[in-house]
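Chains as they are written, first to last, in our numbering: chain V, 668 to 784; chain Y, 158 to 644.
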Amino acid sequence: MKILLIDDNDSITEMLSKYLRIKGHECIVSNDGRNGLTLIEQEKFHAVLLDLAMPDFTGIEVIEHLHKSGKMKNNKIILFTASSITDEQIQDLIKKGAHSCIKKPVRLEVLLKSIGA
Amino acid sequence: MLTVGFVILTSTEKARIKKINTKLIIIVSMLPIISFGTVGITSYYEITGFNEDQKWTQHTHQVIEQSDAIEKSMLNIETGSRGYVITGNPALLEPFNSGISQVKSQIDSIRTLTADNPIEQSNIEKLTTAIEEKIKISSNMVNLTEIGDVASAVKDINSLKGKRTMDEIRQDINNIKNEENNLLIKRADLTQSAAQNTVYVIILGSLIAIAITGITTFTTYRKIQQNNKFERDNIKLHLETEKLKEIDKIKGELSAMVSHELKTPLVVIGGYAEMLREEGVIGNLNKEQRDAVDTINSQVTKLERLISDVLDAQKMDLKRMKYNKKQFEVDKFMDEQIHIHSKIMDDKKTHFNNSTSEKIRLVSDPDRLSQVFANLIKNAVDFVPVNDGSIEINAQNKNGQVIFYVKDNGSGIPKEKQEDLFKKFYQIDSSLKRSHGGTGLGLVICKGIVEALGGKIWIESEVGKGTTIWFSIPANGISQAESDEHT
Numbered sequence: 668m669k670i671l672l673i674d675d676n677d678s679i680t681e682m683l684s685k686y687l688r689i690k691g692h693e694c695i696v697s698n699d700g701r702n703g704l705t706l707i708e709q710e711k712f713h714a715v716l717l718d719l720a721m722p723d724f725t726g727i728e729v730i731e732h733l734h735k736s737g738k739m740k741n742n743k744i745i746l747f748t749a750s751s752i753t754d755e756q757i758q759d760l761i762k763k764g765a766h767s768c769i770k771k772p773v774r775l776e777v778l779l780k781s782i783g784a
Numbered sequence: 158m159l160t161v162g163f164v165i166l167t168s169t170e171k172a173r174i175k176k177i178n179t180k181l182i183i184i185v186s187m188l189p190i191i192s193f194g195t196v197g198i199t200s201y202y203e204i205t206g207f208n209e210d211q212k213w214t215q216h217t218h219q220v221i222e223q224s225d226a227i228e229k230s231m232l233n234i235e236t237g238s239r240g241y242v243i244t245g246n247p248a249l250l251e252p253f254n255s256g257i258s259q260v261k262s263q264i265d266s267i268r269t270l271t272a273d274n275p276i277e278q279s280n281i282e283k284l285t286t287a288i289e290e291k292i293k294i295s296s297n298m299v300n301l302t303e304i305g306d307v308a309s310a311v312k313d314i315n316s317l318k319g320k321r322t323m324d325e326i327r328q329d330i331n332n333i334k335n336e337e338n339n340l341l342i343k344r345a346d347l348t349q350s351a352a353q354n355t356v357y358v359i360i361l362g363s364l365i366a367i368a369i370t371g372i373t374t375f376t377t378y379r380k381i382q383q384n385n386k387f388e389r390d391n392i393k394l395h396l397e398t399e400k401l402k403e404i405d406k407i408k409g410e411l412s413a414m415v416s417h418e419l420k421t422p423l424v425v426i427g428g429y430a431e432m433l434r435e436e437g438v439i440g441n442l443n444k445e446q447r448d449a450v451d452t453i454n455s456q457v458t459k460l461e462r463l464i465s466d467v468l469d470a471q472k473m474d475l476k477r478m479k480y481n482k483k484q485f486e487v488d489k490f491m492d493e494q495i496h497i498h499s500k501i502m503d504d505k506k507t508h509f510n511n512s513t514s515e516k517i518r519l520v521s522d523p524d525r526l527s528q529v530f531a532n533l534i535k536n537a538v539d540f541v542p543v544n545d546g547s548i549e550i551n552a553q554n555k556n557g558q559v560i561f562y563v564k565d566n567g568s569g570i571p572k573e574k575q576e577d578l579f580k581k582f583y584q585i586d587s588s589l590k591r592s593h594g595g596t597g598l599g600l601v602i603c604k605g606i607v608e609a610l611g612g613k614i615w616i617e618s619e620v621g622k623g624t625t626i627w628f629s630i631p632a633n634g635i636s637q638a639e640s641d642e643h644t
């Protein structure tokens, strides 16, 4: 499976990408939202793990852009957050086409299950 | 929790207080006006009465004058008739005749004047008889003289009949005058006492009015001062509340930041520990290494729970906890609880069962209720004896409430410590802290959730016999307080 990781925290992307690769998946990492959005628009991924709280360009903005351009349907975007984002906000993002939401911290096996890998 | 110990008045409440104050001031201000009005009216009536008295005094004087005039007329008749008899001079008949003609109208006049006084009327009746008698005697003397029988006329005079009648007339006139004088004295007394009363009313009324005006002025001044103070306090409170709100906002932002910063390294630590533990992912571990990684994993779980407890307590303080109510089947929900917590029970070899025996539907937030069960079950597990522990969960429908409980056969909690259980950071025994862990926030969170869902939570416990934590949730999802609000 081809999985895109969008998170500004290097330690997290490093650990997760390592794990996913060990598990036999192709893993592409983006450390900021804007770059991540470009990648989503250019390539096709089986799943996108999107951090919501990022500096400059947040995961929420990524969803807003994709929602506006009508490209949400083509992607399985899983929200990945540690911030105290409200349930309403999450529901709103899911309405806009996000697949599901995983709250940090999370067990790796749960993560794999959510991605469907 | 943000608690402001004062009441900040809304503009409506302020307007209401102002309205009451204004009303009160108007009512109290009316009192001096009423008092002065009473004085004025009383004085008016007293003065009117005084005028009336004056009129009556004048009337009395008229009666007395008329009595004197009658007496004078009678004297004229007496002296005229006698003079004519003695001298034979017809010129002396003039006062006699004028006396007769005047006295009749004078009697009519005095009779009219005293028409309202029966005593005077009877006096006048007597007087009239005497006057008629006297006129008859005098006329007879004059007639005798005119026909030349002077001797008979003189004899009449000498008989003193005329003198007696004249004395009678004087006596009658005196009676009339005395009666009038008596009336005069009575009226003067009445006038005097009325005048006295008027003075009293004026003095008393004025004093009352002055006193009320003084009191009103003073209270109004005090009220205005109080209002000003109130206004100042209100502004101060408003500023303080704003400050507290600002602090709360900062607290909220701080905890969100802290939570994010704490969780991120936990994800990494937990992730690597999991990778290490999983056979073949990044190599294989020997038994000791596996135990070490297991400890890391369990500590990571504990730390995660602590962070989420602190955040939940914080959310509850700031009333930011969100609830999603929906209908669900309680009996199935209870079975799920057994499933969720079965691993932790197996680890401690605790007997864990769900004794719910009825089908119950409930409108509430199952996720939050699950959180309550997680906290209560975790506490129970901490306190039951290893290998011999027993935990029972139950739900029953009772009077529109779904009553849940979590019962354990743990060490129990002394009565005096039960109340404090629901207080923040409270642990039954600080010595237990190390073995049981936890933030002391679990029950606080349970209480917050249960109460937010419209229910109540309480405890039954006895040392050595175990503990039961009960909580109730309104079956229709609406608490009594909420339904009261809607009606």
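Beta carbons: idealized from backbone N, C-alpha and C, even for Gly.
Item                                                                                                                                 : Value
Minimum C-alpha distance to K564/Y - residue among R239/Y, A308/Y, K408/Y and F509/Y                                                 : F509/Y
Unbroken stretches of the alpha helix (DSSP H), 4 residues or longer, contained in the region 683–716 of chain V                     : 700–709
Interface flag, S678/V vs chain Y, CB-CB below 8 angstroms                                                                           : yes
contact_flag[the region 222–234 of chain Y, the region 252–262 of chain Y] where n(CB pairs < 8 angstroms) is 3 or more              : yes
Spatial distance of K604/Y from K386/Y (CA atoms)                                                                                    : 39 angstroms
Terminal residues of the alpha helix (DSSP H) in which S629/Y lies                                                                   : Per DSSP, S629/Y belongs to no alpha helix (DSSP H); it is in the beta strand (DSSP E), G623 to P631.
Beta carbon proximity, I761/V to chain Y, threshold 8 angstroms                                                                      : no
Close-in-space but distant-in-sequence residues of the same chain around K580/Y (CB under 6 angstroms, 5 per side omitted)           : none
Extent of the continuous beta strand (DSSP E) to which D565/Y belongs                                                                : Q558 to D565
V601/Y, enclosing alpha helix (DSSP H) - first and last residue                                                                      : G599 to A609
Proximity of Q215/Y and L270/Y at Cβ, strictly below 8 angstroms                                                                     : no
Within-8 angstroms CB hit, T452/Y to chain V                                                                                         : no
Closer than 8 angstroms to chain V by CB, H593/Y                                                                                     : For H593/Y, the predicted model reports a pLDDT of 48, less than 50, meaning its position is unreliable; a value from the coordinates is still stated below. No, H593/Y lies away from the interface with chain V (no Cβ there is under 8 angstroms from its Cβ).
Closest residue to Q494/Y among N338/Y, K506/Y, S527/Y and K482/Y (Cα-Cα distance)                                                   : S527/Y
CB contact below 8 angstroms: S416/Y versus chain V                                                                                  : yes
Residue range of the unbroken alpha helix (DSSP H) whose run includes I288/Y                                                         : P275 to E303
Test: M473/Y CB closer than 8 angstroms to a CB of chain V                                                                           : no
A552/Y - DSSP class collapsed to helix/strand/coil                                                                                   : strand
Near-chain Y residues of the region 684–696 of chain V - C-beta to any C-beta below 7 angstroms                                      : Y686 and I689
Inter-stretch contact at 8 angstroms, needing at least 3 Cβ pairs: the region 418–438 of chain Y / the region 751–768 of chain V     : no
Minimum Cβ-Cβ distance from I439/Y to chain V less than 8 angstroms                                                                  : yes
Supposed contact pair N702/V and D786/V - C-beta distance, whole angstroms, cut 8 angstroms                                          : Not covered by the structure: residue 786/V. The range shown for chain V is 668 to 784.
Chain-order list of residues whose beta-carbon lies under 7 angstroms from that of S192/Y (same chain, five-residue window excluded) : G362, I365, A366 and I369
Option in L719/V, T753/V and D754/V with minimal Cα separation from I745/V                                                           : L719/V
Proximity test, Cβ basis, 8 angstroms: N385/Y and chain V                                                                            : no
Three-state class that DSSP yields for K505/Y in the structure shown                                                                 : coil
Beta-carbon contacts of E549/Y that lie in its chain and below 6 angstroms, excluding the five residues immediately before and after : N510, S512 and K564
8 angstroms Cβ shell around F207/Y - same chain, five flanking residues per side excluded                                            : T348, A351 and A352
H498/Y, buried or exposed, once every other Cβ within 10 Å from all chains shown has been counted against 16                         : buried
Between the CA atoms of N391/Y and G594/Y - distance to the nearest angstrom                                                         : With a pLDDT of 49 at G594/Y, under the threshold of 50, the modelled position of that residue is not reliable, and the figure given next carries that caveat. Those two C-alpha atoms are separated by around 45 angstroms.
Per-residue DSSP class, three states only, for K738/V                                                                                : coil
Residues of the region 708–725 of chain V with Cβ closer than 9 angstroms to any Cβ of chain Y, in chain order                       : A720
Reduced DSSP secondary structure (H/G/I, E/B, other) of D718/V                                                                       : strand
Simplified DSSP state of N511/Y, which is helix, strand or coil                                                                      : strand
Range covered by the alpha helix (DSSP H) that runs through I752/V                                                                   : First-last for I752/V: undefined, no H or E at that position.
Status (buried if at least 16 other CB within 10 Å, exposed otherwise) for R518/Y                                                    : exposed
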